[in-house]
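To keep things clear, I will list the structure first and then write my remarks on it.
Residue numbers (the working numbering): 20 to 159.
And the structure:
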């Protein structure tokens, strides 16, 4: 039943709206809570990550794959001074399936992440497919 504790918890997650999925995604991302973060991804989710500069680049499958990606990406969040999301477009915000496209940046004392662009396909209130492109630059 990974990553859920039981069938009831999984059913509750799959009853969420697209807006609720995105809200949970940002909350668990900001808190660097891998256990919560991976609950947004379906068992067979495909995550294509193609950041410029090669940071955490690859294809990640299902919650276990997403957890592996988190091991590389979350260290950028030791301290976040600025996390901006812009240009969000959402289809199906009040349903449990839809599409989200948004741009994002992160800034902290060690890294600048720019050019973030994500496209997310949601089915049964979980990510079915996600693409991400971004650039990570270490500050000198």
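We put the beta carbon where it would ideally sit given N, CA and C, even for glycine.
Computed from a predicted model, the values in this text were never measured in an experiment.
Every beta strand (DSSP E) stretch that sits fully inside the segment 76–127 and reaches 3 residues is listed by chain position as 77–80, 101–110 and 117–126. When DSSP reads this structure, residue 157 sits in a beta bridge with 130.
For residue 60, the pairing in a beta bridge is given by DSSP as 146. Contact between the segment 100–120 and the segment 54–72 is absent, with fewer than three C-beta pairs closer than 8 angstroms. In this structure, the straight-line span from the alpha carbon of residue 89 to that of residue 133 is close to 18 angstroms. Listed in chain order, the non-local C-beta contacts of residue 82 below 6 angstroms within the same chain comprise 22, 57 and 60, local neighbours out to five positions each way being set aside.
Considering only 144, 45, 136 and 108, the residue with the shortest C-alpha distance to residue 34 is 144. When rounded, the separation of the alpha-carbon atoms in residue 140 and residue 111 is 11 angstroms. If you look at residue 24, you'll find it isn't in any alpha helix (DSSP H); DSSP assigns it neither H nor E. Residue 74 is a Cβ neighbour of residue 153, given a cutoff of 9 angstroms. In the structure shown, residue 136 falls within a strand segment according to DSSP collapsed to helix, strand and coil. Nearest in C-alpha terms to residue 52, of all of 135, 93 and 159, is 93.
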